[in-house]
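The next block holds one structure in the form of structure tokens; read it before the comments.
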Amino acid sequence: MSSQKDHVVDEELFQFYLQFQLRKIKKSMRLWNDSSEKDAIINILNSCQYVNGNTLRMIFDDIFDNSVQMFTPPRTAVTTANKPVVKEEEGHGSTSHADASKLGSEGTEPTPLYDSTDNENEHTTQSDEESQSDYRDSDDEELKSKINKSIITRNNDLSLPSFLQYTVTKSACNDLRVMLSNLRVTKDIFRSRMNIIKDSFKIHYKLRSQNSPSTEPNCRFEIINHFNYRESMGQCQLNLIAYQLGKIEEMEKEALSTKQVKVNRCQYYYDLSVSLNEPKMARDSQVKEFPRYCERAKQVVEKLGVYVLFMPEIMPPTLYRKMRDADFPRMKDYLDSKCSQFKDIARLDGNGNLIVSEQTGDLSKFLKTDIPYNSRFVDFSL
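Heads up: the sequence shown runs through residues 1 to 382, numbered per UniProt numbering.
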């Protein structure tokens, strides 16, 4: 389970498998005793087509994880027809994940509980299901073929290394191809983004000892320009803030106790969510992920280059937050081979301030032409 959560959802595959499940459920007659429940599931899956897969997984993981921890199902007697009743041991409200995995690995499926009316419909339902099997199988095979072709196409795009093949989307590959084919224009877009973002906020920080009598906060955020952090510019802003907070935590680890560092970290993140006017960021699941985000943002800058923070269309924060330490050398080799031209666009001085090179004017000239820049990498301002 943990290894599955370590990987970012591929949006294209997510949509393919969503359609795959939607077709199966629409045609299924065996699984549903109540048509209203089936209709509700279909409506949910239809709505999921308009939600980012990573966002959806984060929300449902949070719901299910908390449901397992906080909810104990009542012990209600259930009468079954010709089926054994498995008794739970005292002190256990549900089957453990390990037990469920073991059942799956042994090829044993859990038996659903049902009442006597199920037997009357079982034969008819099974016959109807089998009569549709040929059509369903051919339909599913067609969809699986599309999925496999999509994987092969994306794997061949820009010679993606194996560890990126299931995390970088086809859209991202297309965006990067356009960016590299218009280098001078792309560099000016980078510069424009960086200039906007570096002036969009200030972090006022002063390291105080644990015994300091001052009641003022160590860290205060001044957000000058607000962006939607679900969109490109908002993600760029949050990336740069995360990098600077990663550097602050690095200093605090040398000067303060581990306990105080953790207390400060939570306080900083809460204050940041208030300053950004994004109360949803202060949820427990986000707070737990925040330290890794800051640490990874710092590593991205130090090992890959500061420009990476400003191209979330290619490398969204969810990607490098999930990266393992062993992935950084391979990622560096890949980016150095494809994006080394972007490294000289900006640098960080000793105080962590972003120093951006001057615009070349190529972007202004490009905008006067009718040539399309067919990429999502277009959020900027002159």
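Don't be surprised by glycine CBs; every beta carbon is placed ideally from N, CA and C. These numbers were taken from a predicted model, which means no experiment stands behind them.
Residue i to residue j span [Cα, whole Å]
i      : j      : result
Leu176 : Glu313 : 9 Å
Lys38  : Lys27  : 11 Å
Met311 : Met58  : 22 Å
Ile224 : Phe290 : 22 Å
Phe190 : Leu22  : 40 Å
Asp62  : Ile203 : 30 Å
Cys339 : Arg347 : 15 Å
Tyr269 : Leu56  : 22 Å
Ile25  : Asn66  : 27 Å
Pro73  : Phe60  : With a pLDDT of only 45 at Pro73, under the threshold of 50, the placement of this residue in the model should not be trusted; the figure read from the coordinates follows. Between Pro73 and Phe60, the C-alpha separation is close to 19 Å.
Val378 : Ser357 : 19 Å
Arg230 : Gln260 : 31 Å
Glu249 : Arg265 : 8 Å
Leu183 : Ser36  : 55 Å
Asn43  : Asp344 : 49 Å
Arg193 : Ser181 : 19 Å
Ser337 : Asn228 : 32 Å
Lys368 : His226 : 29 Å
Thr169 : Val51  : 16 Å
Gly352 : Ser47  : 43 Å
Phe64  : Ala326 : 30 Å
Glu11  : Arg324 : 21 Å
For residue i, three-class secondary structure by DSSP
i           : result
Leu207      : coil
Ala172      : helix
Val301      : helix
Glu222      : strand
Phe377      : coil
Val308      : helix
Phe201      : strand
Arg184      : helix
Asp134      : Summary for Asp134: the model assigns pLDDT 46, below 50, so the residue's position carries little reliability, and this model does not support an answer.
Leu354      : strand
residue 383 : Past the edges of the chain, shown from 1 to 382, lies residue 383, and the structure says nothing about it.
residue 385 : An answer regarding residue 385 cannot be provided, because it is not within the stretch 1 to 382 covered by the chain.
Ala40       : helix
Arg230      : coil
Ser94       : Only weak support is given to the placement of Ser94: the predicted model assigns it a pLDDT of 41, under 50, and the value that follows is read from those uncertain coordinates. Note: Ser94 maps to coil in three-state DSSP.
Leu45       : helix
Leu348      : strand
Tyr255      : Sequence inspection shows Ala at residue 255; the Tyr mentioned does not correspond to that position. In this structure, Ala255 counts as helix in the three-state DSSP scheme.
Met315      : coil
Glu278      : coil
Met323      : coil
Ser273      : helix
Val261      : helix
Val178      : helix
Ser192      : helix
Other residues of its chain near residue i: CB distance less than 8 Å, five sequence neighbours each side excluded
i      : result
Leu309 : Cys236, Asn239, Leu240, Tyr243, Ala297, Val300 and Val301
Val8   : Asn54, Thr167, Pro316, Thr318, Leu319 and Lys322
Phe328 : Gln299, Lys303 and Leu304
Asp349 : Ile355
Leu376 : The sequence given here places Arg at residue 376; Leu does not occur at that position. Excluding residues within five positions, the ones whose Cβ falls inside 8 Å are Ser171, Asp175, Ser232 and Glu313.
Leu45  : Leu18, Gln21, Leu22 and Ile25
Arg292 : Arg321
Ile41  : Ile25
Glu252 : Leu207, Gln260, Val261 and Asn264
Asn195 : Val356
Beta-carbon proximity check, residue i vs residue j, cutoff 7 Å
i      : j      : result
Phe366 : Val185 : yes
Asp271 : Phe201 : no
Asp361 : Glu295 : Residue 361 is actually Gly in this sequence, not Asp. Taking 7 Å as the Cβ cut-off, Gly361 and Glu295 do not qualify as a contacting pair.
Gln359 : Asp199 : no
Tyr373 : Phe342 : no
Residues near residue i by beta carbon distance below 7 Å, same chain, minus five either side
i           : result
Ala172      : Glu313 and Ile314
Asp370      : none
residue 461 : Because the chain here runs from 1 to 382, residue 461 falls outside it and cannot be looked at.
Lys206      : Asn218
Residues near residue i by beta carbon distance below 6 Å, same chain, minus five either side
i      : result
Ile197 : Cys236, Gln237 and Leu240
Leu13  : none
Arg75  : Note on Arg75: pLDDT 44, under 50, position unreliable in the model; no value is reported.
Lys288 : none
**Request:** Assess, as a yes-or-no matter, whether the stretch 234-241 is touched by the stretch 249-263 under the definition of 3 or more beta carbon pairs within less than 8 Å.
**Result:** no
**Message:** Does the stretch 332-343 come into contact with the stretch 267-281, if we say contact requires no fewer than three beta-carbon pairs (one atom in each stretch) closer than 8 Å?
**Reply:** no
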